[in-house]
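First up is the structure itself, then whatever we jot down about it.
Protein chains: 2
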Amino acid sequence: MNITRVKKGASRSVNDPTAKGKGPPAAGESGAISRTEAVQDALRQAIIEQRLQPGAKLPEDAIGDAFGTSRTIAREALGRLAVEGLVELKPNRGAFVANPSLDEGRDVFVVRRGLERIVTECLSGKLKADEIAVLRDHVAREREVSGHNEVESIRLAGEFHLLLARLTGNHVLVRYVTEVVSRCSLILAMYGRPHSSDCGVSEHGEIVDALIAGNGARAVELMDHHLEAVASRALLQQKAERDIRDVLAPYAARIRGLEA
Amino acid sequence: MNITRVKKGASRSVNDPTAKGKGPPAAGESGAISRTEAVQDALRQAIIEQRLQPGAKLPEDAIGDAFGTSRTIAREALGRLAVEGLVELKPNRGAFVANPSLDEGRDVFVVRRGLERIVTECLSGKLKADEIAVLRDHVAREREVSGHNEVESIRLAGEFHLLLARLTGNHVLVRYVTEVVSRCSLILAMYGRPHSSDCGVSEHGEIVDALIAGNGARAVELMDHHLEAVASRALLQQKAERDIRDVLAPYAARIRGLEA
DNA sequence: GCTTTATGAATTGCATGCACTTGATGCATG
DNA sequence: CATGCATCAAGTGCATGCAATTCATAAAGC
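Keeping their order, the protein sequence lines are chains B and E.
Each step along the first sequence adds one to the number in the working numbering, with nothing skipped, and position 35 is 35.
Just so we're on the same page, the working numbering is the position in the second sequence counted from 1, plus 1000.
Right, dumping it as structure tokens:
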């Protein structure tokens, strides 16, 4: 439940700009955490979904306009996304969608494997019945869309790992896993082959089985291999396509950003 | 070349402060360093060193005044520290130094152990001569101050782990380790016994030895035990002292905050 | 006398204005 | 014709002002 903060206008306008200067933020929302978070979440989503291409410029005004807020909000959201590693902040130049190098990508995957190892160890043999049901259900859904809907497939794959992290009940772990999964999505989108992410659905199922069986070692092994497979699928491309993709992507992205 | 313009707010520079700016701030990215970052680093240091007690209020103007900047800077720094988990942001109430519960503390340590496991695995048998020298030197310094200067001792202990993380060359890893080390410092300060942190110097030495020897398994084991020891030292206190410390700390911190 | 409701001070949330930095365009020069 | 330099526009960096919220204090009601 991370998106619940959004009040009325989810992605379009965070604040109705009718009464721009003095408009009270629709007085008494309960649990209303600042608009900053809403914008931050929206931007994150947009980046992960590749609506905003890596390297694209993110001008404060444009973002403010797009969300019906001032630059202040946009700026703060960008700052926090920079901490998360999804945005790069260049002093006096502005913010850009992160454009991770392959080395960075490798780094992220290394950390991700370590984090998910913790998740797996925490969960092995400790899943409750209802939690198992949720997991099985999720894997089933993944299987459904596999092959049809690629965007959804990617989203669900990421969600699977987030789900596991949440089941640990370890909030710190959840935050970090969330971050690396986001960044991995970006990296896969950049370097992975178009339909390289469908694979692995069966692996998810196996991991769940091992977790239920309480076979921690096997679960960890499965998870690790799973992630290594995903990573290598992405990083293998480099040898062949690095020149084209890696070199051209930033420029292409920049052009796109200017068109928008 | 326009000399007539002198910025008013910049009168008391953020750069000069003899105050806390010591520790290696967010090493990694390019220098850059906006005022926001300076304030962020200073606040982080102050929190870690317990100059700012857990639960203490962090009003924007006070921070702005203290650093000679406006609330804007203070606000942004607080926002980012909140992402790091060192500051808690309560909507419409303001920012407070994080006051992690014991459960949170446990969570942080779990993640930390996982992260440092990665560090250890990355480093085992791959240290170069000059890196080894730096490590040995650091451990020697730790040994020197051990027993005498507690604050410095704690700082160096944290620094040792950061040093290892940096040696991996994995920036993502560095960032996360930095964060968990910070948070662990806070947690130890809150729940650990006064001089519980001196211990472990010899363990650091052993870890370095195992890394040099290329004995990855042993290094991981040592590191894991080391961290478990540190964690348990902190968490054991809870049974006896939870009621007093945990309950009273926030209030005490509040009072201190008001005095300041 | 104690609970409940107004009033006010302090502080956050947010927008906006102004100076400064940076990169681009056009002009003069070798 | 290429190179270096001044001018300019776009956009960031930061401070500040105003409305809204919250908490504390005081007044009114039972």
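From the three backbone atoms N, C-alpha and C, an ideal C-beta is built for every residue, glycine too.
All values derive from a computational prediction rather than experimental measurement.
Boundaries of the alpha helix (DSSP H) around E/E1060: E1060 to F1067.
By the criterion of at least three beta-carbon pairs nearer than 8 Å, the segment 1095-1114 of chain E is in contact with the segment 1052-1064 of chain E. Interface residue (Cβ-Cβ distance to chain E less than 9 Å): B/L115 is classified as such. One Cα belongs to B/Y176, the other to B/L115, and the distance between them is close to 8 Å. Inter-segment contact for the segment 104-124 of chain B and the segment 165-182 of chain B is present: three or more beta-carbon pairs are separated by less than 8 Å. Secondary structure remark: continuous alpha helix (DSSP H) runs of at least 4 residues inside the segment 107-181 of chain B, in chain order: 129-145 and 150-167.
B/G169 is the residue among B/A234, B/C184, B/R80 and B/G169 whose C-alpha sits nearest the C-alpha of B/E121. Boundaries of the beta strand (DSSP E) around E/G1094: G1094 to V1097.
Counting every other CB atom within 10 Å of its CB across the protein chains shown gives E/G1214 a total below 16, marking it as exposed.
The residue among E/L1211, E/S1185 and E/M1223 with its C-alpha nearest the C-alpha of E/E1131 is E/L1211.
Nearest to E/A1165 by C-alpha distance, out of E/P1091, E/L1135, E/V1145 and E/L1089, is E/L1135. One Cα belongs to E/A1046, the other to B/C184, and the distance between them is close to 33 Å. B/E60 sits away from B/R44, with the two beta carbons spaced by 9 Å or more. By the rule that beta-carbons nearer than 9 Å mark a contact, B/P91 touches chain E. Per DSSP, the beta bridge partners of E/V1087 are E/V1097. Around the beta-carbon of E/R1093, fewer than 16 other beta-carbon atoms lie within 10 Å, marking it exposed. The Cβ atoms of B/L86 and B/G79 do not sit closer than 9 Å to each other.
Here B/H225 is not near B/A157, since their CB atoms are 9 Å or more apart. A check of alpha carbon separations from E/M1223 across E/R1143, E/V1174, E/L1123 and E/E1104 identifies E/L1123 as the nearest. Spanning the alpha carbons of B/D41 and E/G1147 requires a straight line of approximately 47 Å. Sequence-distant partners of B/V151 (beyond 5 residues in either direction) whose C-beta falls short of 8 Å from its own C-beta, in its chain, are E49. Separation of the CB atoms of E/G1105 and E/L1227 is rounded to 13 Å, and the pair is thereby denied contact status at 8 Å. Taking CB atoms only, E/Y1191 has no neighbour in chain B less than 9 Å away. Taking 7 Å as the Cβ-Cβ cut-off, the segment 1058-1076 of chain E approaches chain B at E1076, given in chain order. Taking a C-beta distance under 9 Å as the contact criterion, E/L1186 and E/V1174 do not qualify as a contact pair. For the C-beta of E/V1083, the chain B residues within less than 8 Å are, from N- to C-terminus, R80, V83 and E84. Ranked by Cα distance from B/L188, the first of B/S153, B/E206 and B/A217 is B/S153. Residue-level contact check: B/R35 does not touch chain E, since none of the beta carbons of chain E fall below 9 Å from its beta carbon.
Residue B/F67 holds the alpha-carbon nearest to the alpha-carbon of B/E37 among B/R51, B/A62, B/L52 and B/F67. Within chain B, D107, V110 and V111 have C-beta atoms less than 8 Å from the C-beta of E/N1170, given in sequence order. Contacts with chain E at 9 Å (Cβ-Cβ) do not include B/L163. At least one beta carbon of chain B lies nearer than 9 Å to the beta carbon of E/R1183. Neighbourhood of E/L1127 in chain B, by CB distance below 8 Å: empty, with the nearest CB roughly 17 Å away. Judged by beta-carbon spacing, B/I73 lies within the 9 Å limit of B/S34, meaning their Cβ atoms are closer than that value. The Cβ neighbour count for B/R51, taken over all protein chains shown within 10 Å, is under 16; the residue is labelled exposed. Here the alpha carbon of B/A140 sits roughly 23 Å from the alpha carbon of B/G216.
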